[in-house]
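The structure appears below as structure tokens.
Right, dumping it as structure tokens:
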């Protein structure tokens, strides 16, 4: 019994340590993570926080580290060894990049059934079939990064591993899918906002969240979940002809996925999104801390921020309420929708990128091309 008590204390201690970095690194299922991650894992995360690594990068590292530990436990019965031997890396590739057709005739091909079942029971596997090659590469890259941060060398650059990945991808070609099947353009957004028509706290919050996420350039769900009152500053009203001045706010994004540590990216809100945001903040009595928060069963506004998954779930719920198919839209649809709508309204690409904070013209222009090609002059040359 004494041994069990010591183990429980270690888990509780890790949970408390994870809480100490929650402000920088919002974590879901904290208690479960405390059981999966080792003391060294938590210490590595705390070290990365102290080194000033970007919030989004830290979230991705934590998510992938948690998955890797869960997979390692399910596949080998032990926590991950550091550094991981080449054989374990090859096993990871074999378990995640496999041919569904061959598996139908050979049950031993791909991920073993017991490993698959354990990961599904823990909520780490949901879709059926092999992983996307990009996901496997990202997890291996983060595994390599965490190995280096521990001061160790790994076999991630070994010819055998590179060959295994290349051959696996070639054997099972996949079409790259969009993060959101459809973009949340202006007409779709109007339908979602129509479901937030009352003065209830949930409607006020969701209306403000949708408008802010879209109008600020299609902010990522991590950025919306992590938005704090301290990031908002009041700007001088915007004068417009034949009308009253429009309220204006600046959002100081700080370090983002595409910025460097010295930048403080700023985007601006004007008019209706500002009014919706102020209405929510006043109704929820939020003067500091997280902007978008959970609302309890009895209408109590939590002090803790919504997590990114909840942002996605709320958007899908509003999509269903609007009579649309939830499977066709996600939080990323607001980001792609902003650029698509900008193209439809003939807003110059570079001006739209100033708000979306895209760094790659090629990436941003894809949305413009998709929106304008059907009606463009190049498609009507004959």
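In our numbering, the protein residues as written are 12 to 393. By construction, the Cβ of each residue, glycine as well, lies at the ideal position given by its N, Cα and C atoms. Predicted model, so just to flag it, every value in this text is computed and none were measured.
- Judged by DSSP in its simplified three-state form, residue 246 adopts strand.
- Here DSSP, grouped into helix, strand and coil, assigns residue 301 to strand.
- The beta carbon of residue 124 sits closer than 8 Å to those of 118, all from its chain and outside the five residues before and after it, given in chain order.
- Assignment of residue 110 by DSSP, reduced to helix, strand and coil, places it in the coil class.
- If you look at residue 329, you'll find it in the alpha helix (DSSP H) that goes 319 to 332.
- By the Cβ neighbour-count rule, residue 250 is exposed, with fewer than 16 other Cβ atoms within 10 Å of its own.
- The C-beta distance from residue 76 to residue 157 rounds to 6 Å, short enough to meet the 8 Å contact threshold.
- The three-state secondary structure of residue 176, taken from DSSP, is helix.
- Taking C-beta separations shorter than 8 Å and ignoring five residues to either side along the sequence, the partners of residue 78 in its chain run 135, 150, following chain order.
- Of the candidates 47, 345, 126, 86, 345 places its Cα closest to the Cα of residue 231.
- Within the same chain, and ignoring the five residues on either side of residue 204 in sequence, the residues whose Cβ sits closer than 8 Å to its Cβ are 218, 221, 222.
- Its Cα nearest to that of residue 228, the residue 195 stands out among 195, 291, 72.
- Within the same chain, Cβ atoms closer than 8 Å to the Cβ of residue 246 are found at 259, 260, 261, 279, the five residues on either side in sequence being excluded.
- For residue 263, the uninterrupted beta strand (DSSP E) run begins and ends at 257 to 265, by DSSP.
- For residue 316, the secondary structure class from DSSP, reduced to helix, strand or coil, is strand.
- Rounded to the nearest whole angstrom, the C-alpha separation of residue 314 and residue 70 is 20 Å.
- In the DSSP assignment, the residues bridged to residue 279 are 261.
- In this structure the segment 236 to 245 does not lie against the segment 364 to 374, because fewer than three pairs of beta carbons, one per stretch, are closer than 8 Å.
- With respect to residue 212, residue 122 sits apart: the two C-beta atoms are not nearer than 8 Å.
- Residue 155 places its beta carbon less than 8 Å from that of residue 165.
- Counting only residues of its own chain and dropping the five nearest sequence neighbours on each side, residue 348 has a CB closer than 6 Å to the CB of 194, 195, 196.
- Closest in C-alpha terms to residue 179, from the list 107, 277, 298, 46, comes 107.
- Out of 336, 216, 89, 143, the CA that lies nearest to the CA of residue 104 is found in 143.
- By the neighbour-count criterion, in which 16 or more other beta carbons inside 10 Å mark a residue as buried, residue 138 falls on the exposed side.
- Looking at the DSSP output, residue 355 shares a beta bridge with no other residue.
- Where residue 117 is concerned, there is no enclosing alpha helix (DSSP H), because DSSP gives it neither an H nor an E.
- Taking a 10 Å sphere around the C-beta of residue 318, we find 16 or more other C-beta atoms and assign the residue as buried.
- Assigned with DSSP and collapsed to three states, residue 181 falls in helix.
- Residue 172 sits close to residue 97, with the two beta carbons spaced by under 8 Å.
- At least 8 Å separates the beta-carbon of residue 129 from that of residue 201.
- Taking a C-beta distance under 8 Å as the contact criterion, residue 303 and residue 216 qualify as a contact pair.
- Residue environment: residue 233 is assigned as buried (16 or more neighbouring CB atoms within 10 Å of its CB, all protein chains considered).
- Scanning 181, 283, 255 for the CA closest to the CA of residue 225 turns up 283.
- Inclusion of residue 111 and residue 92 in the CB contact set at 8 Å is not warranted, their separation being larger than that value.
- In the structure shown, residue 232 adopts helical secondary structure according to DSSP, grouped into three states.
- At least 8 Å separates the beta-carbon of residue 289 from that of residue 236.
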